[in-house]
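**Q**
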């Protein structure tokens, strides 16, 4: 049976693997770093946006007082990545130590977030949502990811990141 929690965890694992590859690159690997960053964003942005729009609100509706803290932390971690960490990464030349350092911070931040989500939120979600509800959420997610709405939100997030990176470093290539 389908399960949104398994799908989201599988995507976390995919991101961990992409971050391992990115963190293993050298400063001379501009093309590889660019390709890996594109793959990371292609996996990360729709995942995060759907969590923010669907999963987190559904979780919050059923969450206990303590679980609402987990919810609030998850939202703030998403905001930090979107508003600070990704723009800083894009503001750095791909061949620089600054890029490598920013990539490492993004990797550690996302890995920490995914670990907490899996241990705390997903564990709680197994009791908050029935297997049928989790399967339905998984189907909704698959449909949403292929939708124009998902594509539009992804483009919007990338444009915001690009604009923030230009503000941070007007001389940096996009």
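In the UniProt record's numbering, the protein residues as written are 1 to 174.
Quick reminder that beta carbons are idealized off the backbone N, C-alpha and C, glycines included.
State yes or no: is the C-beta of residue 76 within less than 7 Å of the C-beta of residue 124?
**A** No.
**Q** Does the region 156-171 come within contact of the region 52-66, defined as at least 3 CB pairs closer than 8 Å?
**A** Touching, no.
**Q** Assuming residue 118 contacts residue 9 (C-beta within less than 8 Å), just tell me the rounded distance between them.
**A** Rounded, the Cβ-Cβ distance is 6 Å, consistent with contact.
**Q** Taking the C-alpha atoms as reference points, what is the distance between residue 152 and residue 88?
**A** Straight-line Cα distance between these residues: approximately 23 Å.
**Q** Tell me which same chain residues have a C-beta within less than 7 Å of the C-beta of residue 12, skipping the five on either side of it?
**A** For residue 12, where only same-chain residues beyond five positions count, the Cβ hits under 7 Å are 114, 118.
**Q** On the CB-based measure, 16 or more other CB atoms within 10 Å of its CB, does residue 121 come out buried or exposed?
**A** So residue 121 counts as buried.
**Q** Figure out for me which residue from 102, 79, 4 has the closest Cα to the Cα of residue 90.
**A** Closest by alpha carbon: 102.
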